[in-house]
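Encoded as structure tokens, the structure appears first; notes follow it.
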Amino acid sequence: MNALQSTSSIREWIVGIRRDFHQHPELAYGEQRTSAKIQELLSELGIPFEAGAAGGTGVVGLIGDPTGPCVALRADMDALPIVEASGASFTSVNRGVMHACGHDTHMAMLLGAARVLKENESSLSGCVKLVFQPAEEGGAGAQKMCEEGVLENPKVERMFGMHVWPLLDTGLIGLREGAFLASATFFDIFVRGVGGHAAMPNLVVDPIVAAAQIVTNLQSIVSRERDPFGSDVVSISAFNGGDTYNVIPPEVHLKGTVRSLSLEAQAANIKRIEEIATAIGTAHRCEVTVNFPGVTYPPTVNDHGALKLARSAAKQVVGADALVVVPPTMGGEDFSFYAQLVPSAFAALGIGNAEKGTTLSLHHPQFQVDEDALPIGAALHVAFALEALAELARA
Ligand SMILES: [Zn+2]
Ligand SMILES: [Zn+2]
């Protein structure tokens with residue numbers, strides 16, 4: 120079987136599904152319509168599945184012989200709270216919600232791969248688990264899927280995922296040894312003082328000056344405490360307090376994110392944010408509370424063996440010349456939860472085409488995808504599965 124020929128022959132089907140998802144985006148853990156659509160398509164293809172995973176919208180399909188080795192392929196389902204400005208004819212009908220991270224394409228490509236794999240089911244030397252998970256964007260849907268046992272019964276031995284990548288031209292596939300995406304944690308810092316008249320600073324405890332010092336001092340974590348050859352980021356992304364000229368507010372609320380390519384460095388960064396914010400706030404007579412809402416995403420680390428399989432699969436689909444070693448990114452990805460438990464590889468699928476305007480970054484309100492990449496991504500999923508099952512059969 121030629122995977123790319125097979126997926127190219129169903130290109131319109133894949134594109135149609137993608138556009139339908141794109142037009143009806145849903146936020147993390149609210150992917151009801153999306154989930155129903157996936158279930159409907161799997162039913163049409165005659166693929167058995169279990170629905171209701173990870174808060175209700177996750178779907179797991181199975182193709183092949185469940186008594187043989189098992190390889191899992193993953194797609195994420197959620198969109199973002201962004202007002203779409205792409206101008207596409209299939210623009211979001213849910214104003215304020217947009218598939219700006221390409222998860223619509225991830226689902227459509229996995230369904231394309233499912234159709235091809237199902238047509239070739241009798242030749243599979245094992246089984247392929249199709250993992251459609253909710254809430255990649257900050258909700259750690261993958262962690263819930265793992266806790267609910269998505270990697271068991273049958274036991275998954277290799278796992279693969281991909282993300283559309285506007286930095287790479289369409290036709291290229293990016294892979295990377297080791298850490299590819301960062302560990303990511305959000306934080307809130309509440310700085311409480313005593314408000315009052317801005318003309319009488321002696322009668323207030325000013326949280327604005329204290330918060331400003333906290334922002335400045337947090338910069339020393341990466342510059343003075345981390346290995347200069349490592350990769351860490353501490354960003355303050357919101358600084359809110361006060362409304363007017365002559366009033367010192369009682370409280371300032373900072374928000375930010377901390378990232379690292381190593382879990383140890385990330386743990387150290389988190390600890391130091393708490394210590395520095397509290398100590399600096401206290402020095403300025405303020406009370407400080409530091410919260411870390413949500414879940415820390417681990418770094419996404421490609422397994423050496425799984426990456427070798429991914430490389431060989433990608434070579435079959437696009438040829439050796441179209442394989443690129445991509446630099447790591449400080450973006451986070453909850454595929455990391457699977458990769459912590461199963462030898463896994465995560466690939467970057469080129470969708471960049473300047474003429475078509477598909478080089479804008481992920482999460483941009485005008486984000487667009489070069490749909491020529493969809494049969495390539497679907498074929499890559501097929502090839503991942505076939506390569507990994509062949510190796511597991513040999514083992
Ligand atoms: Zn995203
Ligand atoms: Zn994404």
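Convert by adding 119 to the 1-based position in the sequence shown; the result is the number in my numbering. Yeah, the Cβ is synthetic: ideal placement off N, Cα and C, and Gly gets one too. A quick note: this is a predicted structure, and the numbers were derived from the prediction, not measured.
- In the displayed model, L270 falls within coil according to three-state DSSP, outside both helix and strand.
- D139: member of the alpha helix (DSSP H) spanning R130 to Q142, first to last residue.
- Rounded to whole angstroms, the separation of the alpha carbons of G450 and L199 is 15 Å.
- With 16 or more other CB atoms across the displayed protein chains lying within 10 angstroms of its CB, P326 is buried.
- Residue burial is scored here from C-beta neighbours: Y364 has fewer than 16 other C-beta atoms within 10 angstroms and is therefore classed as exposed.
- By the beta-carbon neighbour count (other beta carbons within 10 angstroms, threshold 16), S154 is buried.
- Counting C-beta atoms within 10 angstroms of its own C-beta, P412 has fewer than 16 neighbours from the protein chains shown and is therefore classed as exposed.
- Of the residues assessed, A173 falls on the buried side of the cut-off, its CB having 16 or more other CB atoms within 10 angstroms.
- Ranked by Cα distance from L287, the options E506, I470 and F503 are led by I470.
- Under a 10 Å Cβ-count criterion, D223 is classified as buried, with 16 or more other Cβ atoms of the shown protein chains found around its own Cβ.
- In the DSSP annotation of this structure, M120 is not part of any alpha helix (DSSP H), being labelled neither H nor E.
- Between ligand 2 and H483, a heavy atom-to-CB distance of less than 8 Å is absent.
- At least one heavy atom of ligand 2 lies closer than 8 Å to the C-beta of D195.
- Closest in C-alpha terms to A441, from the list A329, A467 and T419, comes A467.
- Distance from the C-beta of E150 to the nearest heavy atom of ligand 1 is not below 8 Å.
- Residue pairing by DSSP places H282 opposite A467 in a beta bridge.
- As a beta-bridge residue in DSSP terms, F358 pairs with L373.
- When E506, A507, I495 and G297 are compared, the shortest CA-CA separation from L229 is found for I495.
- Under the three-state reduction of DSSP output, M449 falls in the coil class, being neither helix nor strand.
- Put simply, the backbone Cα of A402 is about 16 Å away from that of N321.
- Within the same chain, and ignoring the five residues on either side of S350 in sequence, the residues whose Cβ sits closer than 6 Å to its Cβ are L380.
- Judged by DSSP secondary structure, E344 falls outside any beta strand (DSSP E); it is assigned neither H nor E.
- Within the same chain, V334, L337, L373, K374 and G375 come within 8 Å of I355 by CB-CB distance, once the 5 residues on both sides are set aside.
- Put simply, the backbone Cα of A330 is about 29 Å away from that of P418.
- Using a cutoff of 8 Å, the CB of E203 does not count as near ligand 2, since none of the ligand's heavy atoms is closer than that.
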